[in-house]
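Asker: First residue of the sequence shown: 1, per UniProt numbering; consecutive thereafter. All C-beta atoms in this analysis are idealised placements derived from N, C-alpha and C, irrespective of residue type, glycine included.
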Amino acid sequence: MADELILYTNPQSRGRIARWMLEEVGATYRVEVLDYASTMKGDTYLAINPMGKVPAIVHGGKVVTECAAICAYLAEAFPDAGLAPLPQERADYYRWLFYAAGPVEQATTNNFAKFESGEQSRMFGYGNYDLVVDVLDGLLSSRAYVTGDRFTAADVYLGSQIGWTTLFGMLPKRDSFLAYLERVQSREAYKRAWALDDADAEAQKAAEPA
């Protein structure tokens, strides 16, 4: 079908972000679960995403990769879900969506890998890890969601980032982070998406050779 929507994912990956967003917008979609060792690096998938990474979506024959882009795209493609920014929310929406995709992602992964920018901090967009954490804490201490009092697609991405990084000790469990996670993870779409990914993970594990 020309307007078919396909999610390429692995349940043990950032693909969970895209699945959550798909559940939020209420889209009808088909799932292709890939494994890291073979199908994710196979020619068929590399023709979709040459990076050989998930998630990716194909909608109406067009490919979207990168989780923040997928969230923003789906919010616009399915406007009835009400997850795209209102005119007065656009500045905060885009600012903090890309803050999460840039400084937060880079700072937390570099810090986890024991990489420190040190005297070269001016060369890195995020400056240093502690600054990134403090800025994020300041944001979530001042409002319920990225744009204020209303949940948007930016919260799917930021909520996923904070959930993942606090789980693995990449972000400290500050009160503002934990309160924010409680709000976003209580959503029915999050619970549905998580259950679907857990089921796919179990099926994938069961299919592995004994």
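Once DSSP output is grouped into helix, strand and coil, what is the label at isoleucine 48?
Answerer: Within the sequence shown, the letter at position 48 stands for residue 48. Of the three classes helix, strand and coil, the one that applies to isoleucine 48 here is coil, per DSSP.
Asker: For valine 25 versus alanine 81, is the C-beta distance shorter than 8 Å?
Answerer: On the sequence shown, position 25 is the one that residue 25 refers to. On the sequence shown, position 81 is the one that residue 81 refers to. A contact, by the Cβ cut-off of 8 Å.
Asker: Could you tell me the alpha carbon to alpha carbon distance between threonine 109 and alanine 91, rounded to whole angstroms?
Answerer: Taking the sequence shown and counting its residues from 1, one reaches residue 109 at position 109. Taking the sequence shown and counting its residues from 1, one reaches residue 91 at position 91. For threonine 109 and alanine 91, the distance between alpha carbons rounds to 26 Å.
Asker: For the stretch 133-153 and the stretch 189-204, state whether three or more C-beta atom pairs, one from each stretch, are separated by less than 8 Å.
Answerer: no
Asker: Is the stretch 62-72 close to the stretch 152-161, with three or more CB pairs under 8 Å?
Answerer: yes
Asker: Can you tell me whether DSSP reads arginine 30 as helix, strand or coil?
Answerer: Position 30 of the sequence shown holds residue 30. Secondary structure at arginine 30: strand, using DSSP grouped into helix, strand and coil.
Asker: I need the boundaries of the beta strand (DSSP E) containing tyrosine 94, first residue and last residue.
Answerer: Residue 94 sits at position 94 when you count from the first residue of the sequence shown. Careful: tyrosine 94 lies outside any beta strand (DSSP E), inside the alpha helix (DSSP H) at 90-99.
Asker: Report yes if the CB atom of tyrosine 8 is closer than 8 Å to the CB atom of tyrosine 36, and no otherwise.
Answerer: Here residue 8 refers to the residue found at position 8 of the sequence shown. Here residue 36 refers to the residue found at position 36 of the sequence shown. It is not a contact, given that the beta carbons lie outside the stated cut-off.
Asker: For alanine 101, I'd like the list of residues in its chain whose CB is within less than 6 Å of its CB, leaving aside the five on either flank, ordered along the chain.
Answerer: Indexing the sequence shown from 1 puts residue 101 at position 101. So the qualifying residues of the chain are Ala68.
Asker: Is the Cβ-Cβ distance between serine 176 and aspartate 137 less than 8 Å?
Answerer: Sequence index remark: in the sequence shown, residue 176 carries index 176 (1-based). Sequence index remark: in the sequence shown, residue 137 carries index 137 (1-based). The answer is yes: Cβ separation under 8 Å.
Asker: Lysine 205 lies in the alpha helix (DSSP H); which residues open and close that run?
Answerer: As a first step, residue 205 is located in the sequence shown; it is residue number 205 there, counting from the start. Where lysine 205 is concerned, the enclosing alpha helix (DSSP H) stretches over 188-207.
Asker: Is the Cβ-Cβ distance between asparagine 10 and valine 58 less than 8 Å?
Answerer: Here residue 10 is taken as the residue at index 10 of the sequence shown, counted from 1. Here residue 58 is taken as the residue at index 58 of the sequence shown, counted from 1. No. Outside cutoff.
Asker: Below 8 Å on the Cβ atoms is my guess for phenylalanine 93 versus glutamine 106; work out the distance and round it to an integer in Å.
Answerer: Indexing the sequence shown from 1 puts residue 93 at position 93. Indexing the sequence shown from 1 puts residue 106 at position 106. According to the sequence shown, residue 93 is tyrosine rather than phenylalanine. Actually they do not touch by this definition, with Cβ atoms about 20 Å apart.
Asker: Taking the continuous alpha helix (DSSP H) assigned at alanine 77, which residues delimit it?
Answerer: To locate residue 77, count along the sequence shown from 1; it is residue 77. Element bounds for alanine 77: 67-77.
Asker: Under a three-way DSSP split, which group does leucine 171 fall into?
Answerer: The residue given as residue 171 occupies position 171 in the sequence shown. Coil at leucine 171, not helix or strand.
Asker: Out of Leu140, Lys205 and Tyr157, state which residue places its alpha-carbon closest to the alpha-carbon of lysine 173.
Answerer: Looking up residue 173 in the sequence shown gives position 173. Taking only the C-alpha atoms, the option nearest lysine 173 is Leu140.
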